[in-house]
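Just so we're aligned, residue 1 is where the sequence shown starts under full-length UniProt numbering, counting upward by one. Idealized CB from N, CA, C, for every residue including glycine. Here the structure is a predicted model, which is why all the values come from computation and not from measurement.
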Amino acid sequence: MTGDPMPTGFEPGSATIAVVTFNRSHLLSRLLESITLMDPKPGRVVVVDNASTDDTGVVVESFRERIGVELIYRRLDSNTGGSGGFSEGMRLAYEAGSTWMWLMDDDVEVLPDGLAKMGRWSTRFKSIQGRRYDFDGSEFYWQYRLSIPLGIPIPFAPAGFDSSGYREMNSGCFEGMFIHRDVVAEIGLPDPRFFIYWDDSIYGWLASRKTTSVIVDEFVLRRTREIAQWDMGVRHLNASSNMYRYYIMRNRGYMKHYFRAHGAYRPVRFALGTALTFAKELIRLAFVERTYRGTSHLIRGLRDGHELARDAAWQPMPALKISA
1 MTGDPMPTGF EPGSATIAVV TFNRSHLLSR LLESITLMDP KPGRVVVVDN ASTDDTGVVV
61 ESFRERIGVE LIYRRLDSNT GGSGGFSEGM RLAYEAGSTW MWLMDDDVEV LPDGLAKMGR
121 WSTRFKSIQG RRYDFDGSEF YWQYRLSIPL GIPIPFAPAG FDSSGYREMN SGCFEGMFIH
181 RDVVAEIGLP DPRFFIYWDD SIYGWLASRK TTSVIVDEFV LRRTREIAQW DMGVRHLNAS
241 SNMYRYYIMR NRGYMKHYFR AHGAYRPVRF ALGTALTFAK ELIRLAFVER TYRGTSHLIR
301 GLRDGHELAR DAAWQPMPAL KISA
């Protein structure tokens, strides 16, 4: 046992862990193994498979009997990206009646008392982010505040916590987002149109408009995949890919739509944020990946994002019907 009593009003069985995976069965296996060691466990685990071509399905089935909770496996017909996977995972969890949905990628492990730690905060907040250890065991810093006018994370948001044990956030990260069904009902499912990048930032921002969203000083996950980094001391810059470079610029178009829809769009400052994002990706190329090959993907994404932003027929994701 964890030794920590469950807070009154929190039922571990009301939570669902929703995992998105794609061709990383070795990492998924580590995550599912960590869930078998959880105490307490959630009520169910949902695994959304983005049309993997490896042995992901076999790995999932090997855990069905011993994971100790209901296991729902959904293999999609095509790769919908993290955005589409998390949208489907949250839909499945919501329709199963889950009160809490805990989203995570396949490249993390859950600490045994992770759900107990998140449960401590569940009677106070409805949109919660826990902390993570990095691959090497160090404390992973996540930029939990967005500058909404610029549409970019604030890199100097304080990393420490005071005696309250939490900091308010206006962003989100699908690697560990713990969110209540009431908030999901109001803001709808994550938008699959993003494919990857900015989807969780926007979703977390939408949640923060409906409830007080917080990051809490509780370590609940450990990253299991090593990523090349440029160490800048307090902060670091991870390696990326051409696909990410494209979508980080393209999806500025979707961000612009969401900010417009909620009266938060400031054209000049958002354009500055887009320029800063482009510059940051150039720095990532130069200092982490030691190349400038990939710049064309940034330019193509920027161009396509401008086209998306001009789509007059665009609509945000709809709210969901609130059910018992």
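C-alpha distance - residue i paired with residue j, whole-angstrom precision
{"i": "L31", "j": "D113", "result": "14 angstroms"}
{"i": "I248", "j": "R131", "result": "24 angstroms"}
{"i": "A239", "j": "F22", "result": "19 angstroms"}
{"i": "D107", "j": "L27", "result": "6 angstroms"}
{"i": "L320", "j": "F161", "result": "34 angstroms"}
{"i": "R193", "j": "G84", "result": "7 angstroms"}
{"i": "S34", "j": "D311", "result": "44 angstroms"}
{"i": "T277", "j": "S62", "result": "42 angstroms"}
{"i": "E70", "j": "G89", "result": "14 angstroms"}
{"i": "L272", "j": "S29", "result": "42 angstroms"}
{"i": "T56", "j": "N242", "result": "25 angstroms"}
{"i": "A264", "j": "W198", "result": "16 angstroms"}
{"i": "S323", "j": "T16", "result": "Reliability fails at S323, whose pLDDT of 48 lies under 50, so the model's placement of it is uncertain and the value that follows must be treated cautiously. Their backbone Cα atoms lie some 17 angstroms apart in a straight line."}
{"i": "Y246", "j": "M317", "result": "23 angstroms"}
{"i": "R209", "j": "R250", "result": "24 angstroms"}
{"i": "G294", "j": "R300", "result": "10 angstroms"}
{"i": "M1", "j": "I283", "result": "Note that M1 has pLDDT 36, beneath the 50 cutoff, so the model's placement of it is unreliable and the number below is only indicative. One C-alpha to the other measures close to 46 angstroms."}
{"i": "H262", "j": "D54", "result": "41 angstroms"}
{"i": "G3", "j": "S213", "result": "Confidence is the limiting factor: at G3 the pLDDT is only 44, short of 50, which leaves the residue's position unreliable, though a coordinate-based value still follows. Rounded to the nearest angstrom, the two C-alpha atoms are 27 angstroms apart."}
{"i": "R120", "j": "D105", "result": "23 angstroms"}
{"i": "S164", "j": "R124", "result": "12 angstroms"}
{"i": "T274", "j": "R66", "result": "47 angstroms"}
{"i": "A207", "j": "V59", "result": "34 angstroms"}
{"i": "I196", "j": "Y244", "result": "7 angstroms"}
{"i": "Q315", "j": "R260", "result": "11 angstroms"}
{"i": "P155", "j": "T80", "result": "29 angstroms"}
{"i": "A313", "j": "T211", "result": "29 angstroms"}
{"i": "G43", "j": "A279", "result": "44 angstroms"}
{"i": "E218", "j": "L37", "result": "18 angstroms"}
{"i": "residue 326", "j": "T224", "result": "The question about residue 326 has no answer here: the residues shown for the chain are numbered 1 through 324."}
{"i": "S296", "j": "A159", "result": "34 angstroms"}
{"i": "D77", "j": "D200", "result": "23 angstroms"}
{"i": "P153", "j": "R290", "result": "24 angstroms"}
{"i": "S52", "j": "R64", "result": "18 angstroms"}
{"i": "A157", "j": "P267", "result": "24 angstroms"}
Pair within 7 angstroms by beta-carbon distance, residue i and residue j
{"i": "L298", "j": "E281", "result": "yes"}
{"i": "L189", "j": "S122", "result": "no"}
{"i": "G151", "j": "M255", "result": "yes"}
{"i": "I72", "j": "V46", "result": "yes"}
{"i": "A18", "j": "M118", "result": "no"}
{"i": "R75", "j": "D39", "result": "no"}
{"i": "Y258", "j": "I202", "result": "yes"}
{"i": "F287", "j": "E226", "result": "no"}
{"i": "G82", "j": "V184", "result": "no"}
{"i": "R252", "j": "G204", "result": "no"}
{"i": "K41", "j": "G9", "result": "no"}
{"i": "V220", "j": "Y166", "result": "no"}
{"i": "T99", "j": "S14", "result": "yes"}
{"i": "Y133", "j": "R222", "result": "yes"}
{"i": "P12", "j": "L103", "result": "no"}
{"i": "L302", "j": "Y292", "result": "no"}
One or two residues paired with residue i in a DSSP bridge
{"i": "S213", "result": "S127"}
{"i": "H180", "result": "W100"}
{"i": "F219", "result": "R131"}
{"i": "R167", "result": "I215"}
Closer than 6 angstroms: residue i CB and nearest the ligand MG heavy atom
{"i": "S52", "result": "By its list of ligands, the structure shown contains no ligand whatsoever, and the ligand MG lies outside what it can speak to."}
Residue-level contact to chain D via CB, residue i, 7 angstroms cutoff
{"i": "Y265", "result": "The structure shown contains no chain D; it holds only a single protein chain."}
**OP:** Quick one: which unbroken beta strand (DSSP E) runs of 3-plus residues sit fully inside the UniProt domain "Glycosyltransferase 2-like" (16 to 157)? Chain order, please.
**Re:** As far as the UniProt domain "Glycosyltransferase 2-like" (16 to 157) is concerned, its whole beta strand (DSSP E) runs of at least 3 residues are 44 to 49, 70 to 75, 100 to 105, 108 to 110, 127 to 133.
Original post:
Is the region 139 to 150 in contact with the region 80 to 97, if contact means three or more CB pairs nearer than 8 angstroms?
Top reply: These segments do not touch.
**OP:** State whether the region 143 to 151 contacts the region 165 to 177, with contact taken as three or more CB pairs (one from each stretch) at a distance under 8 angstroms.
**Re:** With the cut-off at 8 angstroms, the region 143 to 151 and the region 165 to 177 touch.
**OP:** Report yes or no: do three or more beta-carbon pairs, one from the region 180 to 192 and one from the region 117 to 131, lie closer than 8 angstroms?
**Re:** The region 180 to 192 is in contact with the region 117 to 131.
Subject >> Sequence ranges, beta strand (DSSP E) only - wholly within the region 255 to 322, length at least 3 >> reply: List check, beta strand (DSSP E) in window: nothing returned.
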